[in-house]
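Numbering (full-length UniProt numbering), first residue to last: 1 to 215.
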Amino acid sequence: MIKRLFDIVLSLTGIIVLSPVMLVCALLVKLTSKGPVFFEQIRVGKNFQPFGILKFRSMVVDAEKLGAQITADRDPRITSIGRILRKTKLDELPQLINVLKGDMSLVGPRPEVPKYVELFEEDFRKLLQVRPGITDIASIEYRFEEEILAQSSDPTQTYIEEILPAKIKLGEQYVNKSSVLFDVQLIFKTFLTIVGSDRKPPKSTAGEPMNKASS
1 MIKRLFDIVL SLTGIIVLSP VMLVCALLVK LTSKGPVFFE QIRVGKNFQP
51 FGILKFRSMV VDAEKLGAQI TADRDPRITS IGRILRKTKL DELPQLINVL
101 KGDMSLVGPR PEVPKYVELF EEDFRKLLQV RPGITDIASI EYRFEEEILA
151 QSSDPTQTYI EEILPAKIKL GEQYVNKSSV LFDVQLIFKT FLTIVGSDRK
201 PPKSTAGEPM NKASS
């Protein structure tokens, strides 16, 4: 209950304080490419309940029909303004609405699309005991995920075999340590990461391969 109250207060405050920034982002998306301002995608939430995650649209309309559900750096489907929004994480701001609605938390394991949850269903049983979040340990450690995928000859396979298993392990670390104080620490660290100057992609933390559950 304390964590949920924390989420409600901060997400509502964030929406109010950041509304001018969100308005500018919305106008830039609308004026620079055809299509809606928001992009909504089905993700798997707490207790395996699906929900529609909200983002400012950073790719061309129907991008998922033109390629994979993961996105590598320099993906041609990304719009010019979308590239800036993704680099600065401003495309994630509409998820404050998801937090206010109760679909997500400010901090928690990042929500995945159904097909990847099915591949690692048993591992996600622990992660999805809590609400997924806008940021978590994996979001910080894998902030250069798109750059890593861009270096791969098969980004989808790299995501499934290396990045996602590592993110699941980091998500489990969060679930084990979850508390409001830890959330505050991760929010602060996320902010420092976004405004920081470190531009070196992290080394792989995938470790030993994880067993995939049958879908």
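All C-beta atoms, glycine included, are put in the ideal place defined by N, C-alpha and C.
Note that the structure is predicted; figures quoted are calculated from it, not measured.
Going by the DSSP bridge assignment, what does residue i pair with across the sheet?
i          : result
residue 44 : 50
residue 65 : Residue 65 pairs with nothing; no bridge assigned.
residue 15 : Answer is none; residue 15 lacks a bridge partner.
residue 78 : 59
In its own chain, which residues sit with a C-beta less than 6 Å from the C-beta of residue i, not counting the 5 before and 5 after it?
i           : result
residue 183 : 107
residue 86  : 58
residue 114 : 44
residue 4   : none
Determine the contact status of residue i and residue j, defining contact as a CB-CB distance below 8 Å.
i          : j          : result
residue 55 : residue 94 : yes
residue 29 : residue 81 : yes
residue 61 : residue 34 : yes
residue 36 : residue 42 : no
residue 52 : residue 40 : yes
Ends of the beta strand (DSSP E) at residue i?
i           : result
residue 35  : Premise fails: residue 35 is in no beta strand (DSSP E) and is neither H nor E.
residue 133 : 133-135
Closest by CA to residue i, which one among the options?
i           : options           : result
residue 177 : 115, 48, 136      : 136
residue 126 : 4, 97, 173        : 173
residue 175 : 128, 166, 149     : 128
residue 159 : 112, 76, 102, 53  : 112
residue 75  : 188, 186, 152     : 152
residue 140 : 66, 187, 38, 64   : 187
residue 104 : 185, 114, 92, 134 : 134
residue 90  : 157, 19, 10       : 19
Which residues bound the alpha helix (DSSP H) around residue i?
i           : result
residue 105 : First-last for residue 105: 105-107, but that is the beta strand (DSSP E), not the alpha helix (DSSP H).
residue 185 : 180-195
Suppose the cutoff is 8 Å on Cβ atoms and the five residues either side in sequence are ignored; what does the same chain contact list for residue i look like?
i           : result
residue 6   : 106, 180, 183
residue 2   : 180
residue 88  : 194
residue 155 : 68, 70, 72, 149
Leaving out the 5 sequence neighbours to the left and right, which residues in its chain are closer than 7 Å to residue i when beta-carbon positions are compared?
i           : result
residue 12  : 100
residue 171 : 109, 127, 136, 138
residue 117 : 44, 124
residue 92  : 55, 134
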